[in-house]
Amino acid sequence: MPNTLKLPVASLKLHVDLADVELPEVQPRSPKAILGQPRAQSALEFGVAMPAFGYNIFVMGEPGLGRLTMISGHLDRLSKTLPAPSSYVYVDNFDNTREPRALCVPPGYGQVFSKDIEKLIDNVLATFPAVFESPTYQQKKTAIERRFNQAYNIAIELVEKKAEIFKIALFRERETITFTPLKDNKVLNDEQFTQLPQAERDVFHRHVEELEDYLGDVLL
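For what it's worth, my numbering labels the leading residue of the sequence shown as 494, then goes sequentially.
Take a look at the structure:
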């Protein structure tokens, strides 16, 4: 092949000078809006701009009109101009389980707080069983139970003596305390108790309430 037909490698590359290229002027992109709905757009902007609490925006219309597109687009643009809102963490309200308590934390800290609580729970679940099984804990637990049982037995004896004055028998079964009326030093069953005059039954109930209160006082 003659050398006159060969092309250099540099000739195979196209060189374009951008200064010689005329580009059309780029127009700023207009915000998304529903075509032919300027009043809806204006109402949305007015409602969202209300800073006070208690105001709501209700949007309705036929499907496919672009309601969600208009609202989400407007809120997205507006959110970029405002400071980030605080995060809220809802925790149990032990006084009223139907109304949880809200904790206000810095923006973005809600997820961090949630993960910290999860780690805390994992650490507690891993640590507590070992603590409860330790000899020191078991010794303290036994000592506390012994003191409580002694105090409980003394309290029961005091209540039993007071019940005898009211002609009431005290029965103790494990941790349950029951009171039963006496008649001629004999325990009355339910049928015999219902045959007593109403006045005597009322007195018995008052005495039982007094004995229960007394038991609570001596246990404190």
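Even for Gly, the Cβ is constructed at its ideal location relative to N, Cα and C.
Please report the residue range of the beta strand (DSSP E) in which Arg667 lies. Premise fails: Arg667 is in no beta strand (DSSP E) and is neither H nor E.
Continuous alpha helix (DSSP H) assignments of at least 4 residues falling wholly in the stretch 537-609: 560-572
With DSSP run on the structure shown, which of helix, strand or coil describes Val696? helix
Reducing DSSP to helix, strand and coil, say where Pro517 ends up. Reduced to three states, the DSSP call for Pro517 is coil.
Going by C-alpha distance, which of Val582, Asp615 and Ala619 is nearest Val605? Val582
Same chain, Cβ closer than 8 Å to Leu681, five either side skipped, listed in chain order: Thr673, Pro674, Leu675 and Leu689
Taking the Cβ atom as the reference point for each residue, do Tyr602 and Ser580 lie within a distance shorter than 8 Å? Yes, Cβ-Cβ distance for Tyr602 and Ser580 is below 8 Å.
With a 10 Å radius around its C-beta and 16 neighbouring C-beta atoms as the bar for buried, classify Val652 as buried or exposed. buried
Touching or not, the stretch 564-574 and the stretch 537-551, by the rule of three or more beta carbon pairs under 8 Å? Contact holds: three or more Cβ-Cβ distances are below 8 Å.
Beta-carbon proximity list for Lys655, same chain, < 7 Å, skipping 5 on both sides: Cβ within range, chain order: Leu704 and Tyr707.
Three-state secondary structure assigned by DSSP to Leu507: coil
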